[in-house]
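*Asks:* Dumping the structure here so I can ask a few things about it.
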Amino acid sequence: MNRKYLISTAVLAFLICGVAGNGAWAVARRVSAARALAPRQAAASRAQAATPEKVPPVEGSQSESLVVSGITISAGPNGETFVDIATTKAGSFHVSEVKNPRRLVVDFEGARKGIRRDMFSADSSLMTGVRVGQFQLHPAMVRVVADLLGNPKIEVHPRSGGVRIKLSPRGAEAAEVSPAMIPEGEKTEALARLPLVRSSEATLPVVGAIHELPLQLLPPPSAAETTLPGPETITHAPASLKAAPVLDPESMRSERAAQVLSASLTPEGQGQAGEAAATPEQPKYTGELISVNLKDVDLKDFFRLVHEISGLNIIIDPNVTGSVTMVLDSVPWDQALDLVMKNNDLGKVLEGNVLRIAKVETLTAEQAAAAKLVEARIDAQPLVTKFIPVNYAKGATIATLLKGWVGGGALSKRGTVLVDERTNTLIVSDIAAQIPVITAVIAKLDTKSKQVSIEARVVLATNNFERDISSVLAIQGKNSSGSTTAAGATAQPPSSAVANVPPIIPGPTTFGNGLITPSNASGFGIFSILNVGSNYIINAALAAAEATDQAKIVSSPYIVTQNNTAGRVVQGVQIPYQTTVNNTVSVQFIQASLQLTVTPQVTSDGNVFLDITVNNASPGALIIGVGTSINNQLATTQVLVPDGGTVIFGGVKVTNSESAATYVPGLGKIPVLGRLFKTTKATDNKTDLMFFVTPKVLPG
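Under this note's numbering, the residues of the sequence shown are numbered 4 to 703, in order.
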C-alpha cells in the first residue's frame, strides 16, 4: 500500500512539474516574441509619425482585414480594357500614375493578398498586364500595378465587391480626363476626390469611398521623381531601367531610397521638397519626411536610424566618430543626413543601394590616389605611332589644333604630333587608347570644303542707266510675290567715310523679300540684292544699255574659290618711276588697277555670306621731280546673298577729261592773233563703275 502511494505521488508530482514547465515555456515564448516584435512596432510608430493620416474605410467596419481575392481582365466592345479587382469588403485605396514607363498603381490599405499568382498578362493594345503583391506587412498594404501602353484614358470606379479600372483609347492629344461617373444603383456614402501630386501635365481622376485627405503639393521634380503624400513614396525610375516586380517590400524600399539619394547628389533639379520655388544653389531633397529629437546620440546610431528609414545598406568608415544633437520636424531624411554629415565633416559615396560614409579627407585622398593610379597606368602603357594622311585640310592647321588640346580629350600628356608638309601627313604618337579618339577628331576636321563660283561684271554706266535700273528693280520688288524675286531701290548705305565716293542717288534703303541688309558697308553709292529669279532682268537691262551707249561692260571675270577663301580680280596698269639711291638710278613700278576681292562663306541654310572689297587706284596728276600720283577709291561691305542671287553695288567715280582744238591752217598758228582763227573744246565725261557679283555654290 505504501509502495503504491509512493508511485502515485511521484506520478502526480511529475505531471504537476510538466504542466508548470509547459506554462513557463509558453511565457518564455511570449516574451521572446514580444522582444522580436518591439523593433518592428517602434519602426512602424516612427513611420506613422512621419506620414500623413491613413484614410479609414467608409464601409464595413468589421474587424477582419480586407483581402484582394481576384484579378479579372476583359475587353470592351469599343476597344476598352477592363481590370476588375475583387475584394472581400469595401475599403480605402489610393490611386497614382507613374511615368517612364507609364503605370497605374492602386494601393489597398489594411489589406492582404489572397491570390497565389503575381502576374496577369493582357491581350490588349492599352496594357501589357497586371502585377499584384503584398507591398507592406506593417501596416498591411496590397499593391496592384497595371503596366500601360501608349496614352489611354483612365477611369477608376469603386464597385460592390471590388474596384474596376477602365482603359479607353483616345487621340494623340493628352486631354485632361474627366472624373468617372458612378453607375446608378451603386450608392456610396462620403464620396470625395483624393488630391494627388501631378507627375506630368495630365491629371488622373479618382473616385472611391475615401475621405478628404489634405496633402502638401511638392514642386515638380526634374529627375523624373514624384513623391506622393501618404504611407509610401513612389519614385520614377530612369527610362533606361526596367521596372522590377513589386514583390519584395524591403528591396523596393532600398531601391527607392537609393534613387532619392542619387537625386540629391545630382546638381540638376535644384530645390528642396515642400518649397514652392527652388534655389539654384541648393540640392533637391525628395526623401520621406521625418521628425526626430536627438540629444548626444552617437553618429553610428544615427546612421542605423537612416538605414531603418531608407532601407539603404550603410558602411561606416572606422575613422567616423562623434555625436549628434538635433531637433527636426517634417524634414526629408536625405536632407537630415546631409546636415549631419556637413556638421561632422563627412562625405558619402553611393554605389547602387550601398552608402559608404567616411571623412572628407579620407574620400579626397582616395580620389587623389585613384587619379594617380590612372596616370600611372597611362604612363606604363607603350606609345603607338600612326600615320594619318590629310586630304582636304592643311596638316599644319590640324596639328596646331591637336597640340592645343593636350590633355583635353585628343592628345594625352604623352602624345605628340608631327607634320610632313610634302605629303600632308600627320605622324601621331600616343597611347593605344587615344589613337581612336585622335583619328575621330581628324576625320571630323578633314572634310571637303564647298566651292563657290563668283561671276563679277564690271560696268561703266552713266547716270541715266543708274536711274533706269533703279526704277526697274524697285518696280520688280513691288510686283514680286513669295520668294521668287528680291529687289531693292538704290540708296547710299551708312558709314560712307571714303573720299571721292559721293552718293549717286540718295534715299532710304529698301530690300525685298526680307533679305538681310549689308553690314559694315562703306563707300558704296548704290546697293541692291536680288535672288536667282531676277537675273534675267539684269541681263536684259545691261543688253539694252549697251545698245544705247548708256553702259559698257568693261570686264567680266569668273573665278572659283573654296569656302572661306578669298578670290581676287585685278585689272589695271603699272606706272614706272625713277628712284635714286646712293647715286644709283633705278626704275620701279607702282600698281594702278581696279581690284575686286570677294571672300564667300556658305551658311547652313544655303545662302552665301560675301565679304567684298573694291579698290580703284587710278593715275593722278604728274608731279615734277617726283612722279605720277595715284588716286585711290576703296569700298568694303559684308552682305548675305541667296545662292545664285546677285548683289549690285556702285559708287566708284571715273572721270575722263578730253580737250580738242580746231584752227585755220597757217593763220591759227600766228601768235596772239591766231586765237581769232582757233576753236578749243574741253569735255569731262563722268561715269560710274557698277559691280554685279553673283555667287553660286557648286555641287559636290
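Even glycine gets a Cβ: it sits at the ideal position worked out from N, Cα and C.
Since we're looking at a predicted model, the values are computed, not measured.
In whole angstroms, give me the CA-to-CA distance for E158 and L151.
*Replies:* 13 Å
*Asks:* Tell me, please, which residues DSSP counts as bridged to I433.
*Replies:* For the record, residue 433 in the displayed sequence is Asp; it is not Ile. D433 is bridged to V387.
*Asks:* Please report the straight-line C-alpha distance between L404 and K351, rounded to a whole angstrom.
*Replies:* Approximately 39 Å, taken between the alpha carbons.
*Asks:* Identify the residues that DSSP records as bridge partners of I627: which are they?
*Replies:* None; I627 has no bridge partner.
*Asks:* Can you tell me whether DSSP reads V210 as helix, strand or coil?
*Replies:* Low per-residue confidence applies at V210: pLDDT is 38, beneath 50, and the placement is therefore not dependable, though the value from the model is reported in the following sentence. In the structure shown, V210 sits in coil (DSSP, three-state: anything other than H, G, I, E or B).
*Asks:* Going by C-alpha distance, which of N542, V147, T428, V605 is nearest F123?
*Replies:* Residue V147 is the option with its Cα nearest to F123.
*Asks:* How far does the alpha helix (DSSP H) with N394 in it reach, from first residue to last?
*Replies:* It is not in any alpha helix (DSSP H) - N394 carries neither H nor E in the DSSP assignment.
*Asks:* Do A595 and S621 count as a contact pair if the criterion is CB distance below 9 Å?
*Replies:* It is a contact, given that the beta carbons lie within the stated cut-off.
*Asks:* Distance, Cα to Cα, Q636 vs T450?
*Replies:* C-alpha separation (whole angstroms): 39 Å.
*Asks:* Going by beta carbon distance, what residues of the same chain come within less than 8 Å of L625, once the five residues before and after it are set aside?
*Replies:* T631, S632
*Asks:* Go through the region 322 to 393 residue by residue and report every complete run of the beta strand (DSSP E) that reaches 3 residues or more, in order.
*Replies:* 326 to 335, 349 to 354, 357 to 362, 386 to 392
*Asks:* DSSP three-state label for Y666, please.
*Replies:* strand
*Asks:* Quick one: residues in its chain with C-beta nearer than 6 Å to the C-beta of L194, no 5 flanking neighbours on either side, listed in chain order?
*Replies:* Low confidence applies to L194: its pLDDT is 31, below 50, so where it sits in the model is not reliable, and the reading given next is rough at best. Nothing listed; no residue qualifies.
*Asks:* Given that a residue counts as buried once 16 or more other Cβ atoms are within 10 Å of its Cβ, and exposed if not, what is F111?
*Replies:* buried
*Asks:* Which same chain residues, not among the five before or five after Q137, have their C-beta less than 7 Å away from its C-beta?
*Replies:* Within the same chain, and ignoring the five residues on either side of Q137 in sequence, the residues whose Cβ sits closer than 7 Å to its Cβ are R115, K116, V145.
*Asks:* List the residues that DSSP assigns as beta-bridge partners of R106.
*Replies:* V101, D150
*Asks:* In angstroms with no decimal places, state the Cα-to-Cα distance between G407 and I445.
*Replies:* 14 Å
*Asks:* Round the Cβ separation of I118 and G73 to the nearest angstrom and send it over; I've been treating them as touching at under 8 Å.
*Replies:* 6 Å
*Asks:* Thinking just about the alpha-carbon of each residue, which of I319, I360, V309 is nearest to the one in A339?
*Replies:* V309
*Asks:* Alpha carbon to alpha carbon, how far is D423 from A547? Give it in angstroms, no decimals.
*Replies:* 56 Å
*Asks:* For E158, report the span of its beta strand (DSSP E) as first-last.
*Replies:* In this chain, the beta strand (DSSP E) harbouring E158 covers 156 to 162.
*Asks:* Return helix, strand or coil for R417, following the three-state DSSP convention.
*Replies:* coil
*Asks:* Let me know the secondary structure DSSP gives P579 once reduced to three states.
*Replies:* strand
*Asks:* Going straight from the alpha carbon of L701 to that of Q565, what length do you get?
*Replies:* Looking at the two C-alpha atoms, the distance is approximately 10 Å.
*Asks:* Let me know the secondary structure DSSP gives A595 once reduced to three states.
*Replies:* The three-state reading of DSSP puts A595 in strand, counting E and B together.
*Asks:* Tell me whether G290 sits in a helix, a strand or coil according to DSSP, three-state version.
*Replies:* coil
*Asks:* Pull the bridge partners of S115 from the DSSP assignment, please.
*Replies:* Going by the sequence as given, residue 115 is Arg instead of Ser. Looking at the DSSP assignment, R115 forms a beta bridge with V70.
*Asks:* Just tell me which of E311, N619, K303, N586 has its CA closest to the CA of S326.
*Replies:* K303
*Asks:* Where do the ends of the alpha helix (DSSP H) carrying T568 lie?
*Replies:* Unbroken run through T568: none, as it is neither H nor E.
*Asks:* Compute the Euclidean distance between the alpha carbons of Y395 and L613, then round it to the nearest angstrom.
*Replies:* 22 Å
*Asks:* If I follow the unbroken beta strand (DSSP E) through G407, where does it start and stop?
*Replies:* Counting along the chain, G407 falls outside any beta strand (DSSP E), and DSSP gives it neither H nor E.
*Asks:* For V785, list the residues DSSP reports as bridge partners.
*Replies:* Because residue 785 is not part of the residues shown, which for the chain are 4 to 703, the question remains open.
*Asks:* Give every residue of the same chain whose Cβ lies closer than 6 Å to the Cβ of S558, excluding the five residues on either side of it in the sequence, and list them in chain order.
*Replies:* V461, Q574
*Asks:* Tell me whether W28 is buried or exposed, calling it buried when 16 or more other Cβ atoms sit within 10 Å of its Cβ.
*Replies:* Note that W28 has pLDDT 34, beneath the 50 cutoff, so the model's placement of it is unreliable and the number below is only indicative. W28 should be labelled exposed.
*Asks:* How far does the beta strand (DSSP E) with V170 in it reach, from first residue to last?
*Replies:* The sequence shown places Leu at residue 170, rather than the Val named in the question. Segment 165 to 171, the beta strand (DSSP E) holding L170.
*Asks:* Using three-state DSSP, classify V440 as helix, strand or coil.
*Replies:* helix
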